[in-house]
Amino acid sequence: MSFRQFPAVDSNGDSHIIIEFKPEANGSGHNSESTPRYELDDGRQLVRDGREFTTSGGELRLTI
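See below:
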């Protein structure tokens with residue numbers, strides 16, 4: 000598994016760090032295993048929609 004970090008900004012202009020976790024390609028063809036996972040640095044999971052990320056409850060919306 001590899002990861003990368005990138006900055007994002009919320010609606011108040013506050014900066015956050017998003018971490019993208021990407022599984023290693025193993026050639027099995029399982030799409031769910033090759034889909035990146037996104038989290039905040041505090042461990043909350045994020046859902047990506049283009050250049051926007053939201054927490055599962057929708058309380059935080061980030062833009063990259």
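Using numbering that gives the first Met the number 0, read the sequence shown as starting at 0 and increasing by one per residue. Glycine included, every Cβ here is placed at the ideal spot set by N, Cα and C.
For residue i, write down the residues that DSSP places opposite it in a beta bridge.
i   : result
E58 : According to DSSP, which records beta bridges pairwise, E58 is partnered with nothing at all.
R36 : F20
D48 : E51
Would you kindly report the start and end of the unbroken beta strand (DSSP E) that includes residue i?
i  : result
D9 : 1-9
Beta-carbon separation of residue i and residue j under 7 angstroms?
i   : j   : result
T62 : R50 : yes
R3  : E19 : yes
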